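S.K.:
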Amino acid sequence: MGPEEIRAFLSHLAVQGKVSASTQNQALSALLFLYREVLRRPLERVEGVEFVPSKTLTSTR
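In this note's numbering, the protein residues as written are 750 to 810.
1. Does the beta-carbon distance from Arg756 to Val795 come in below 7 Å?
2. State the CB to CB distance for the pair Thr772 and Leu781, rounded to an integer number of angstroms; the pair is presumed to be in contact (CB under 8 Å).
3. Do Tyr784 and Leu777 have their beta-carbon atoms positioned less than 7 Å apart in this structure?
4. With DSSP as the reference, label Glu753 as helix, strand or coil.
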């Protein structure tokens, strides 16, 4: 699976699945996790998809 398949999948979710932006962001986050943590591979830039870095939450304890 490469950038084109990821773009097509996210587009499918938006158009045919009619899912919310939040759901699309969750799917993208899951794919980023898969590539970074499981496959240990960088995810190439996906045309038309903006990667927004997540904010790390700090413990308040």
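All C-beta atoms, glycine included, are put in the ideal place defined by N, C-alpha and C.
Treat the numbers as computed from the prediction; the structure is a model and nothing was measured.
M.R.: Straight from the coordinates:
1. Working through the sequence shown from its first residue, we reach residue 756 at position 7. Working through the sequence shown from its first residue, we reach residue 795 at position 46. With contacts defined by Cβ atoms closer than 7 Å, Arg756 and Val795 form a contacting pair.
2. Counted from its first residue, the sequence shown places residue 772 at position 23. Counted from its first residue, the sequence shown places residue 781 at position 32. By a beta-carbon distance limit of 8 Å, Thr772 does not contact Leu781. Their separation comes to about 15 Å.
3. On the sequence shown, residue 777 is found 28 positions in, with the first residue counted as 1. On the sequence shown, residue 784 is found 35 positions in, with the first residue counted as 1. Not a contact, by the Cβ cut-off of 7 Å.
4. What you label residue 753 is simply residue 4 of the sequence shown in a count that begins at 1. Note: Glu753 maps to helix in three-state DSSP.
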